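Chemist: In the working numbering, the protein residues as written are 1 to 253. Yeah, the Cβ is synthetic: ideal placement off N, Cα and C, and Gly gets one too. All values reported here derive from a predicted model rather than from experimental measurement. Questions regarding the structure given below will be posed in turn.
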Amino acid sequence: MARHSHWHQIRFKKGIADKKRGKVFTKHARLIEIAARSGGGGDPDKNPTLRLAIDNAKADNVPNDNIERAIKKGTGELKEDEVMHEVVYEGYAPGGVALVIETLTENKNRTSQHVRTILTKGGGNFGEAGSTTFMFDKKAQLRVALREGSDRESDELECIDAGADDIQDGAEGELVVFGGAGDLGKIRGALQEKGFAVRGAELVYVPKNEVDVEDVETARKIMTLIDTLDELDDVLNVATNMGLSDEVAGELG
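In structure tokens form, the structure reads like this:
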């Protein structure tokens, strides 16, 4: 059942190694803070959103002190003058490729200006609210390690049984499992019961259809633009509907 989206394979293989460790820690701290503030308090046993945020942070080796501090910020135990907000920006990259840019920020004006500047300099443009999100579905995405001693086909079938409606190749030794946005917790629990190590679980924007980019240089420009957006501390995820042919994907690596 695993399908091959060349762009997503490239992104998954780049993985956390291409991101600054400090930014990864900051991202998780912000997600934990928001989960503790809006998801039902600072007890992960009573707040499933917080439990998921903590588990994701631990999978990326975020220190326990960072996690505890973020929880206290979210519950108000540690007073903060600035409050984190989840903001989604929309725009286009070269070649008419749509972008959805998810951010966590305490300063909306600053983040908006930074995103706008990067899009303009990268040959894209900043879009109005609703200009690109309609091209995407919100889905549950889980990164799971292939089980030791099991074969790939069996693992894929078990993922389907756990509720997956799509499976993609991920980094080496991993599958990326997709399902309904409202089923993330259920799929995660079912995968764990089947012996899978879940290395990350989140809600993401998945394109309904891809825009094929046949030119290598255009594809490189788009990748550079997305990487530049990713480098912003406030940016959580960048979704795109870029599709790549086998030939272009091969040249990009």
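For the beta strand (DSSP E) containing lysine 46, name the first residue and the last one.
Modeler: Lysine 46 -> no beta strand (DSSP E), and no H or E assigned at all.
Chemist: To the nearest angstrom, report how far apart glycine 182 and glutamate 202 are at their CA atoms.
Modeler: 11 Å
Chemist: Jot down the residue ranges of each uninterrupted alpha helix (DSSP H) in the stretch 178-220, minimum 4 residues, whole runs only, in chain order.
Modeler: 184-193
Chemist: Could you name the residues of the same chain whose beta carbon sits closer than 8 Å to that of aspartate 165, not counting the 5 residues immediately before and after it, in chain order?
Modeler: Phe178, Gly179 and Gly180
Chemist: Counting only runs of 3+ residues fully inside the stretch 66-135, write out the beta strand (DSSP E) ranges in chain order.
Modeler: 85-93 and 97-105
Chemist: Does glutamate 247 come out as helix, strand or coil in the three-state DSSP assignment?
Modeler: helix
Chemist: Check the C-beta distance from arginine 199 over to alanine 59 and give it rounded, since I have them as a contact under 8 Å.
Modeler: 5 Å
Chemist: Determine which residues share a DSSP beta bridge with valine 144 and list them.
Modeler: The partner list for valine 144 (beta bridge, DSSP) reads Leu175 and Val198.
Chemist: Using the Cα positions of alanine 29 and asparagine 209, report the straight-line distance between them to the nearest angstrom.
Modeler: Per the coordinates, the alpha-carbon of alanine 29 lies some 33 Å from the alpha-carbon of asparagine 209.
Chemist: If you draw a straight line from the alpha carbon of glutamate 172 to that of isoleucine 67, how long is it in whole angstroms?
Modeler: Their Cα atoms are separated by approximately 28 Å.
Chemist: Taking the alpha-carbon of leucine 142 as reference, which of Asp55, Glu82 and His85 has the nearest alpha-carbon?
Modeler: Out of Asp55, Glu82 and His85, Asp55 has the C-alpha closest to the C-alpha of leucine 142.
Chemist: Among Ala249, Thr240, Gly170 and Val24, whose alpha-carbon lies nearest the alpha-carbon of leucine 93?
Modeler: The sequence shown places alanine at residue 93, rather than the leucine named in the question. Ranking the options by Cα distance to alanine 93, first place goes to Thr240.
Chemist: Do threonine 133 and glutamate 90 have their CB atoms nearer than 8 Å?
Modeler: yes
Chemist: So, at 6 Å on beta carbons, what are the nonlocal neighbours of phenylalanine 126 in its own chain, with the 5 sequence-adjacent residues on each side left out?
Modeler: Gly91, Arg116 and Leu119
Chemist: Between histidine 85 and chain C, is there a C-beta pair that is closer than 8 Å?
Modeler: Structure shown: chain C not included; a single protein chain is present.
Chemist: State the DSSP-derived secondary structure class of valine 62, mapped to helix, strand or coil.
Modeler: coil
Chemist: With DSSP collapsed to three states, give me the class of histidine 4.
Modeler: The predicted position of histidine 4 is uncertain, since its pLDDT is 44 and thus under 50; no value can be drawn from it.
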